[in-house]
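Taking it in order: structure first as structure tokens, then the write-up.
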Amino acid sequence: MFSLLGTIIVGFIVGLLARALKPGNDKLGLIMTTLLGIGGALLARYIGVAMGWYTPEATAGWIASIVGAIVLLFLYGLVRKKV
5 MFSLLGTIIV GFIVGLLARA LKPGNDKLGL IMTTLLGIGG ALLARYIGVA MGWYTPEATA
65 GWIASIVGAI VLLFLYGLVR KKV
């Protein structure tokens, strides 16, 4: 239970930092910001394992998670503009 709660809190913090660092106005709510942070951490971990930077048991670091979230924000912006 605490692991899930920790994931949500870390995801929210990572999502907030990514939104603060990326230029532009991204109108995301609380839940979307949290999902952005969690998705960024998952993306960073997946790429890190694929590139050999992380072992399969390791978690992504804070900076890698924020960079992953910023990448997801850019992709979200591209998709949102087309719709």
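One gets our numbering by counting positions in the sequence shown from 1 and adding 4 to each.
Here a beta-carbon is modelled for each residue, glycine too, at the ideal position from N, C-alpha and C.
{"query": "Rounded C-alpha distance that separates residue 84 from residue 13", "result": "26 Å"}
{"query": "Residue 28 beta carbon near the ligand GDP (any heavy atom closer than 7 Å)", "result": "Although the ligand GDP was asked about, the structure shown includes no ligands whatsoever."}
{"query": "Local Cβ density within 10 Å of residue 35, reported as buried at 16 or more and exposed below that", "result": "exposed"}
{"query": "Proximity below 8 Å, CB of residue 11 to CB of residue 51", "result": "no"}
{"query": "Range of the contiguous alpha helix (DSSP H) that encloses residue 32", "result": "Element bounds for residue 32: n/a, residue is neither H nor E."}
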